[in-house]
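Residue numbers (our numbering), protein chains in the order written: chain A, 1037 to 1348; chain B, 41 to 486.
No residue lacks a Cβ here, since even glycine has one placed at the ideal position from N, Cα and C.
From a predicted model like this one, the values you see are computed outputs, not experimental measurements.
Input: a single structure, listed below in structure tokens.
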Amino acid sequence: MADVALRPDGIGTAQPARKRSGLQKALKRRSTAAFLMTLPLIILIALLVIYPAFYSLHLATLNKSMQKFVGLGNFEFLFRRDTFWLVVKQSCIFAITAVVFKALIGFIVAHFVHNIPAKGQRKWRGMLLVPWVIPPAMSTLAWLWLFDPSYSAFNYTLSFFGIGPIPWTGDAAWARFSVILVNVWYGAPFFMIMYLAALKSVPDQLYEAAAIDGANWWQRIWYVTLPMMRNIIAITTLFSLIVTFANFDIVRILTAGGPLDHTHIFATWAFRIGIEGSDIPLGASVSLFMVPILAVAAIFILRDVNKRGNEA
Amino acid sequence: MSRKKLTRRQFVAATAMSSAALITAPYVRGAYAAGKLSIGFWDHWVPGANKASTEIVNEWAAKEKVEVTIDYIPSQGNKNLLTIAAEAQAKSGHDIFAMPTWWAHANADQLENVSDIMGPIIAENGEVNGTAKYLGTAGSKWLGVPASVGSQIKGPCSRIDLMKKHAGIDVQAMYPVGSEPKADNWTLETFLKAAEACHKAGVPFGIGLGETTDNVDTAGAIFLSFGAQLVDAKGNLTVKTDAVRQALEFYKKLISFLPPDAAAWDDASNNKWLVSGRGAMIMNPPSAWAVAKRDAPQVAEQCWTHGFPAGPKGRFAPYLPYFWSIWNFSKNKDAAKSLLVQLSKPASIEKMVVASGGYDLPAYEKLTTLKVWQEEGPPKGTLYHYPNPYKHQTLSIAASPAPPKIAQQIYAQATLTKMCLRYHQGEAMEKTLAWAEGECEGFMRS
Chain A
1037 MADVALRPDG IGTAQPARKR SGLQKALKRR STAAFLMTLP LIILIALLVI
1087 YPAFYSLHLA TLNKSMQKFV GLGNFEFLFR RDTFWLVVKQ SCIFAITAVV
1137 FKALIGFIVA HFVHNIPAKG QRKWRGMLLV PWVIPPAMST LAWLWLFDPS
1187 YSAFNYTLSF FGIGPIPWTG DAAWARFSVI LVNVWYGAPF FMIMYLAALK
1237 SVPDQLYEAA AIDGANWWQR IWYVTLPMMR NIIAITTLFS LIVTFANFDI
1287 VRILTAGGPL DHTHIFATWA FRIGIEGSDI PLGASVSLFM VPILAVAAIF
1337 ILRDVNKRGN EA
Chain B
41 MSRKKLTRRQ FVAATAMSSA ALITAPYVRG AYAAGKLSIG FWDHWVPGAN
91 KASTEIVNEW AAKEKVEVTI DYIPSQGNKN LLTIAAEAQA KSGHDIFAMP
141 TWWAHANADQ LENVSDIMGP IIAENGEVNG TAKYLGTAGS KWLGVPASVG
191 SQIKGPCSRI DLMKKHAGID VQAMYPVGSE PKADNWTLET FLKAAEACHK
241 AGVPFGIGLG ETTDNVDTAG AIFLSFGAQL VDAKGNLTVK TDAVRQALEF
291 YKKLISFLPP DAAAWDDASN NKWLVSGRGA MIMNPPSAWA VAKRDAPQVA
341 EQCWTHGFPA GPKGRFAPYL PYFWSIWNFS KNKDAAKSLL VQLSKPASIE
391 KMVVASGGYD LPAYEKLTTL KVWQEEGPPK GTLYHYPNPY KHQTLSIAAS
441 PAPPKIAQQI YAQATLTKMC LRYHQGEAME KTLAWAEGEC EGFMRS
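Shown next, in the form of structure tokens:
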């Protein structure tokens, strides 16, 4: 259409040549090349993410035997179950507490590492990343042995100080503490490395100016470091919140949701209902319930990031 | 470029030969003339046990000219359950699949009716026990052939020495090798006294209260011994009954004699409890004893597998069968049925049971007295009463006799152990019952 508009006199035999040159131009465009290069990934995501997402939406609208469309009936059913609200509450406690502690520990450790002389820093960075690079299913097994109801290594050690035995996975409060602790242990290095990268990008001149103005260490953090790290903190928190909300392996291996369902989170309860209880539509509904919660969090956090981006 | 001309005679000859080849091709028995068959067997945890199934299948395949592929799928991490769910959704996958306990019923609409082969199998092997029927049939349709591989009874495995010393019970005399049990006094009352005595002696019974199957199975058998059902066979709620109250009262007393961390136990905890020598009894198939044989022989020598204590309404033991089922999307159902018949021959069953060291249990009444259970040891005869040779106890599954689709929810959600734990932790009886009733109402959604 654009060609015709530009050259109204162009008719007959000239058109195919122009079409060819248009295609060649399109292929030469950087955006086309970029699109073609990302196409395999787009197809992969469409197959492995978008299709399953829509399929689970479809499943969530079916009855237990998957023969009848029930619309939002599964959600209606879930809203009447006490256990569901217990799971919602626990998922929020688990994700928010774990993310807060991961961010806090990551922030503190990133500062420590940042202050280590450059020569020895690489070793520390490598060592501190170890929990994050071990597959959580494996590392959680080690934690399971440390928390084992009958043979806990922690309890054995504590017994020398006359403490315990502590029911790490047998009591609701301790079991919640244990799963959050393992999640924090696993996820804090990710925050640490992100914050360290952000810290390194803060210009030294700002600290020098703050020092000249007589700022103490807290004022330097509050007025220089934190504002410069805001965006990375927001993005990291959002990313971690999504991953932690959707966590499965740590809770599944450590407590399997017990005792008395007091450590179940969305993914583990969805698995219990959908796979172990053969009620796949209800399991799909439970797992989909995470979406609105995370969407609201994402909107708030990303909106803030955009704002600051514009201000900059 | 020269081109050879096709004569009319040559054309007629070629056409005739091609037609003859096409017509006769199906009748030529090549190496895999009867097609392909893929099987998803349960991956046995007894080393070498898979070999027996592979040999039987390969022998059959060579005879029947079928190309077979076998996948051994473990139940660790519920990998087999995930595979079942995926194949049911995709309507594609293996032809035969080993379905554990509830999964034949859960996929009943997608399974081939095998009633036609079950008739002759039962005629040869004897009647099938009630739990295998409850889990394996929908109306008059058999949803799978009861598999010996993986099927188990989770009865008591007691320490001979500790039970004698602390509870004054001679389990070998109660369940002697080669003869009927003399266990009239082996009741829940005696069991509770023994639990108290062993607890006092520092070797408590290792019975868990977690949400995994071993814990649920024990609770299920004890509830049934009191006649306690949360939902009856017709699907009516029967939570608020005296039988359920009695079962809860019993469990409350029992829990005070169990290890304090029992609420956190999983299916490995009781095994470890026995092997480490810390307890006088666990409820488990002989896998724990088999591990003890390897890792703690002095413990294994003192182990005796026997029957459950009887309650006011009878003596029930947890039985968990597997079924070999054929998906209705299988493209080679005839071959699949032929293989299942072969796997259910008494000789095949015996071969698989021997390979499992006596762990596997056939569901058929004529096959509960195989030699392997008399000979396995140490101590010799420790497994003699494991297959329930004298029908001394009723084989059952927790949450039965509720309709299987409801019972599966009660079982998977561990409603029974949760009730026991809630009541033991101080919740009022009626509040616990109301909670359980609410849960069961939810499980009834169709």
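Could you tell me which residues DSSP pairs with residue 136 of chain B in its beta bridges?
-> Residue mapping note: residue 136 of chain B aligns to position 96 of the second sequence, counting from 1. Residue 136 of chain B is bridged to B:79 and B:366.
Cβ-Cβ distance between residue 441 of chain B and residue 403 of chain B below 8 Å | Here residue 441 of chain B is taken as the residue at index 401 of the second sequence, counted from 1. Here residue 403 of chain B is taken as the residue at index 363 of the second sequence, counted from 1. Going by C-beta atoms, residue 441 of chain B is not nearer than 8 Å to residue 403 of chain B.
Contacting positions in the stretch 1301-1320 of chain A - beta carbon closer than 9 Å to chain B | 1307, 1308, 1309, 1310, 1311, 1312, 1313, 1314, 1315, 1316 and 1318
For the candidate residues B:396, B:381, B:466 and B:477, whose alpha-carbon lies nearest to that of residue 104 of chain B?
-> Translated into positions along the second sequence, residue 104 of chain B becomes position 64. The shortest Cα separation from residue 104 of chain B among B:396, B:381, B:466 and B:477 belongs to B:381.
CA nearest to the CA of residue 252 of chain B, picked from B:273, B:245 and B:310 = The sequence position of residue 252 of chain B within the second sequence is 212, counting from 1. Of B:273, B:245 and B:310, the smallest CA-CA separation from residue 252 of chain B is found for B:310.
Just the chain A side, please: which residues come within less than 7 Å of residue 462 of chain B by C-beta, in chain order?
-> In the second sequence, the residue the question calls residue 462 of chain B occupies position 422. Near residue 462 of chain B (Cβ distances below 7 Å), the residues of chain A are 1296.
Please state whether DSSP places residue 199 of chain B in a helix, a strand or coil.
-> Position 159 of the second sequence, counted from the first residue, corresponds to residue 199 of chain B. Residue state, collapsed to three classes: strand.
Quick one: list the residues of chain B neighbouring residue 1100 of chain A, beta-carbon separation under 7 Å, in chain order.
-> Sequence index remark: in the first sequence, residue 1100 of chain A carries index 64 (1-based). The contacting residues are 485 and 486.
Short CB-CB distance (under 8 Å) between residue 1117 of chain A and chain B = Your numbering for residue 1117 of chain A matches position 81 in the first sequence. So, interface residue.
Chain-ordered neighbours of residue 305 of chain B on chain A, where CB pairs are closer than 7 Å = As a position in the second sequence, residue 305 of chain B is number 265, starting the count at 1. Within chain A, the residues near residue 305 of chain B are 1185.
Mind listing which residues of the stretch 284-301 of chain B have their C-beta closer than 9 Å to chain A's C-betas, in chain order?
-> Within the stretch 284-301 of chain B, the qualifying residues are 299, 300 and 301.
Length of the line joining the Cα atoms of residue 354 of chain B and residue 263 of chain B = Along the second sequence, one-based indexing puts residue 354 of chain B at 314. Along the second sequence, one-based indexing puts residue 263 of chain B at 223. If I take the Cα positions, the gap works out to 11 Å.
Provide the residue(s) that pair with residue 112 of chain B in DSSP beta bridges, ordered along the chain.
-> Translated into the one-based positions of the second sequence, residue 112 of chain B becomes position 72. Looking at the DSSP output, residue 112 of chain B shares a beta bridge with B:81.
State the DSSP-derived secondary structure class of residue 194 of chain B, mapped to helix, strand or coil.
-> What you label residue 194 of chain B is simply residue 154 of the second sequence in a count that begins at 1. Correct three-state label for residue 194 of chain B: coil.
Mind checking the stretch 1200-1214 of chain A against chain B and listing, in chain order, the residues whose C-beta falls within less than 7 Å of any C-beta there?
-> 1203, 1205 and 1206
Residue 1205 of chain A versus residue 1232 of chain A: straight-line alpha-carbon distance, rounded = Taking the first sequence and counting its residues from 1, the one referred to as residue 1205 of chain A is at position 169. Taking the first sequence and counting its residues from 1, the one referred to as residue 1232 of chain A is at position 196. Residue 1205 of chain A and residue 1232 of chain A: Cα-Cα distance of roughly 34 Å.
Proximal residues to residue 286 of chain B (C-beta, below 8 Å), its chain only, five neighbours per side dropped = Sequence index remark: in the second sequence, residue 286 of chain B carries index 246 (1-based). Cβ within range, chain order: 266, 268 and 352.
For a contact meaning CB atoms closer than 7 Å, what does residue 251 of chain B contact in chain A?
-> Sequence index remark: in the second sequence, residue 251 of chain B carries index 211 (1-based). 1292, 1293 and 1294, listed in chain order.
Extent of the continuous beta strand (DSSP E) to which residue 1269 of chain A belongs = Here residue 1269 of chain A refers to the residue found at position 233 when the first sequence is read from its first residue. Where residue 1269 of chain A is concerned, there is no enclosing beta strand (DSSP E), although the alpha helix (DSSP H) it sits in stretches over 1262-1281.
Mark residue 1044 of chain A as exposed unless 16 or more other C-beta atoms lie within 10 angstroms of its C-beta, in which case mark it buried.
-> Position 8 of the first sequence holds residue 1044 of chain A. Residue confidence for residue 1044 of chain A is low, a pLDDT of 44 falling below 50, so the modelled location carries little weight; the figure read from the coordinates is stated next. Burial call: exposed.
For residue 312 of chain B and residue 235 of chain B, the rounded distance between their alpha carbons = Counted from its first residue, the second sequence places residue 235 of chain B at position 195. Counted from its first residue, the second sequence places residue 312 of chain B at position 272. When rounded, the distance between both Cα atoms is 18 Å.
Extent of the continuous alpha helix (DSSP H) to which residue 1168 of chain A belongs = By one-based count along the first sequence, residue 1168 of chain A stands at place 132. Unbroken alpha helix (DSSP H) run through residue 1168 of chain A: 1154-1169.
Relative to the C-alpha of residue 345 of chain B, which residue among B:413, B:91, B:270 and B:56 is closest?
-> Residue 345 of chain B sits at position 305 when you count from the first residue of the second sequence. Measuring from the Cα of residue 345 of chain B, the nearest candidate turns out to be B:413.
Interface residues of chain B facing residue 1113 of chain A [CB-CB closer than 7 Å] = Taking the first sequence and counting its residues from 1, the one referred to as residue 1113 of chain A is at position 77. Contact note: residue 1113 of chain A reaches chain B through 485, using a C-beta cutoff of 7 Å and chain order.
Candidates B:221, B:375 and B:458: closest to residue 136 of chain B by CA position | Position 96 of the second sequence holds residue 136 of chain B. Nearest option by C-alpha distance: B:375.
From residue 213 of chain B to residue 222 of chain B, what distance separates their C-alpha atoms?
-> Position 173 of the second sequence, counted from the start, is the residue given in the question as residue 213 of chain B. Position 182 of the second sequence, counted from the start, is the residue given in the question as residue 222 of chain B. Roughly 7 Å separates the two Cα atoms.
Assigned secondary structure, residue 1329 of chain A (DSSP; H/G/I helix, E/B strand, else coil) | By one-based count along the first sequence, residue 1329 of chain A stands at place 293. Note: residue 1329 of chain A maps to helix in three-state DSSP.
In whole angstroms, what separates the C-alpha of residue 1038 of chain A from that of residue 1058 of chain A?
-> What you label residue 1038 of chain A is simply residue 2 of the first sequence in a count that begins at 1. What you label residue 1058 of chain A is simply residue 22 of the first sequence in a count that begins at 1. Residue placement at residue 1038 of chain A is poorly supported in this model, since its pLDDT is 38, which falls under 50; the coordinates are not used for a value here.
Mind pulling the chain A residues with CB within less than 7 Å of residue 309 of chain B?
-> One-based indexing of the second sequence puts residue 309 of chain B at position 269. Result: 1185 and 1186.
Pick helix, strand or coil for residue 226 of chain B, following the three-state DSSP scheme.
-> Here residue 226 of chain B refers to the residue found at position 186 of the second sequence. Coil at residue 226 of chain B, not helix or strand.
Separation of residue 274 of chain B from residue 389 of chain B, as counted between CA atoms = To locate residue 389 of chain B, count along the second sequence from 1; it is residue 349. To locate residue 274 of chain B, count along the second sequence from 1; it is residue 234. One C-alpha to the other measures close to 35 Å.
8 Å Cβ cutoff met for residue 1308 of chain A and residue 1293 of chain A = Translated into the one-based positions of the first sequence, residue 1308 of chain A becomes position 272. Translated into the one-based positions of the first sequence, residue 1293 of chain A becomes position 257. The answer is yes: Cβ separation under 8 Å.
Whose Cβ in chain E lies nearer than 7 Å to the Cβ of residue 181 of chain B?
-> The chain labelled as chain E is not found among the protein chains of the depicted structure, namely A and B.
Straight-line CA distance for residue 1093 of chain A to residue 1324 of chain A?
-> The sequence position of residue 1093 of chain A within the first sequence is 57, counting from 1. The sequence position of residue 1324 of chain A within the first sequence is 288, counting from 1. If I take the Cα positions, the gap works out to 8 Å.
Could you check the C-alpha separation between residue 1277 of chain A and residue 90 of chain B for me, to the nearest Å?
-> As a first step, residue 1277 of chain A is located in the first sequence; it is residue number 241 there, counting from the start. As a first step, residue 90 of chain B is located in the second sequence; it is residue number 50 there, counting from the start. Pairing residue 1277 of chain A with residue 90 of chain B, the inter-Cα distance amounts to about 44 Å.
Starting from the beta carbon of residue 312 of chain B, find every residue of chain A whose beta carbon is closer than 9 Å, and list them in chain order.
-> Position 272 of the second sequence, counting from 1, holds the residue named residue 312 of chain B. Within 9 Å Cβ-Cβ: 1184, 1186 and 1187.
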